[in-house]
Structures are given as C-alpha cells and as structure tokens.
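The structure appears below as structure tokens.
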Amino acid sequence: MDSGDKREELLRAAAAEFAEKGFDRANINEIALRAGLGKGTVYLYFASKKDLYLAVLQYIVDQFNALSETILAQPISPVDQLARAVDAFIHLDPALIPFARIWVRHQFHHTPEFREEVDAIFAQLRQPFCEIVESGVASGVFATAYPTITGYFILSLLVMVMPELDPPVHMPILPIEDRVGFMLDTAQKMLAPGALPAPLILKGG
C-alpha cells in the first residue's frame, strides 16, 4: 500500500469511527485497527486526532464538490440537473455514508467541535441544490421568490428521507425505491410556475 492509499484508508477508517462515536469518544487505536495499520502510522500522516478529524471534513468537502461539479457541468436543463442531483444523493456511494453522517451533524445540528476551523472548511462546500434552483429561476423553469432557501429546503428534505444519515425519531421511513420519485415530485410541485396560490393574509380584528 503506497502513501496515498494509506492516507485514504486512514481517512475512511476515521470517518467510520467519528460517525459512530463522535469526536470525543473516537479512539486513535480503533482508527488504526479499522485501517489495518499500526497506531504509529496514524501519526506519520496526522499530528493529532484533531488534525485527522479536520482532514476528514476536508475530504467530505472535496468529494461532495467533485460530485456537484460533475452534475452542474452537464449541459442539461435545471430540471434534469435536479433529477440527477437527487438520484446521486439518494444513491450515495456507501463508502461515503460515514463522511455524510459527519457532515449532517455540522450542517443541521451545529456540532460544536472546532467551530472556527470547521466553518472555514465547510465555507468551501458548494450547495448544488441552491445553484440548480437559482439557475432554474433565472431561466424561467422554476418559480420561487427564495431560490437559495428553497435549495436548502430540498437538501434538508433529502436528509430527512435518508435514515442512514440522520435516523428519524418519530417519522416513518420511506422505502429506498420510492425516495427519488418522492423527492422529485415534491420539488417539482413546489417549484412549478403558478403552482402555489398567493399568500393568505389574515386581517386582525
């Protein structure tokens, strides 16, 4: 195993450990065991557990950005980009699921570890659903006064229907074979021009 492969194995092993136990309870010995390497090897690549954790977060950003850029670079309509982005997220590579679980904690639950450093890393993360909705509004195929917020809403809904990322407490679990269709139907109804009535204004008195 060459140097690059060892580092990759350590990042994947660390992601699994951090996703399962969180930063505080994660153990460098366990990470080394998961990677099939000696504990000393970990410190050849990362100076501390914190450095390893931040490297895992950077890996998340790099992998997700690469996936986003592949979809956003395709010369297809925003409707088709949305469909491909939803499908890619629902059928995320299983090897990336531990990384995605860590990202969910920071994106939606504001996990407090190393807030300043973490914020700087996630500031690099592209938001493909926001970009797709913004593009669709600009080209007239989507209609919403709040495209960026709508993009985040779609992302939040995706996380809600993927229990492998954020297990629901009381919400029923949607079968995986129904998730793409459900997401696209919901998003398209929400974004279709003329789909929603004017806001209801309640008068006092």
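For the sequence shown, UniProt numbering assigns the number 1 to the initial residue and increments by one for each residue that follows. For every residue, glycine included, the Cβ atom is placed at its ideal position computed from N, Cα and C.
Cβ of residue i within 8 Å of any chain C Cβ
| i | result |
| --- | --- |
| ILE173 | Absent from the structure is chain C; it holds one protein chain and no more. |
Three-state secondary structure assigned by DSSP to residue i
| i | result |
| --- | --- |
| residue 206 | Residue 206 lies beyond the range of the chain shown here (1 to 205); nothing can be said about it. |
| TYR146 | coil |
| ILE97 | helix |
| residue 214 | No answer is possible for residue 214: it lies beyond the span of the chain, which begins at 1 and ends at 205. |
| GLU9 | helix |
| GLY205 | Only weak support exists for where GLY205 lies, its pLDDT of 44 falling under 50; the value from the coordinates is given anyway. DSSP places GLY205 in coil when its eight states are reduced to three. |
| GLY140 | coil |
| ASN29 | helix |
| ASP24 | helix |
| ASP166 | coil |
| PHE114 | coil |
| ILE121 | helix |
Residue burial classification, residue i (beta-carbon count within 10 angstroms, cutoff 16)
| i | result |
| --- | --- |
| GLN81 | buried |
| ALA47 | exposed |
| ILE132 | buried |
| VAL169 | exposed |
| LEU200 | Only weak support exists for where LEU200 lies, its pLDDT of 45 falling under 50; the coordinates are left without a value. |
| LEU158 | buried |
| SER139 | exposed |
| residue 223 | Nothing about residue 223 can be reported from this structure: the residues present for the chain run from 1 to 205 only. |
| THR70 | exposed |
Whole-number beta carbon distance between residue j and residue i, since they are thought to touch under 8 Å
| i | j | result |
| --- | --- | --- |
| LEU44 | ILE31 | Rounded, the Cβ-Cβ distance is 13 Å, inconsistent with contact. |
| PRO128 | LEU72 | 6 Å |
(request) For the segment 177-188 and the segment 83-92, state whether three or more C-beta atom pairs, one from each stretch, are separated by less than 8 Å. (result) Enough Cβ pairs lie closer than 8 Å, so yes.
(message) So, does the segment 59-71 touch the segment 91-110, judging by three or more C-beta pairs under 8 Å?
(response) Three or more Cβ pairs closer than 8 Å define a contact, and the segment 59-71 meets that threshold against the segment 91-110.
(message) Closer than 8 Å is the cut-off here; do at least three beta carbon pairs connect the segment 99-109 with the segment 7-22?
(response) Contact between the segment 99-109 and the segment 7-22 is present, because at least three Cβ pairs lie under 8 Å.
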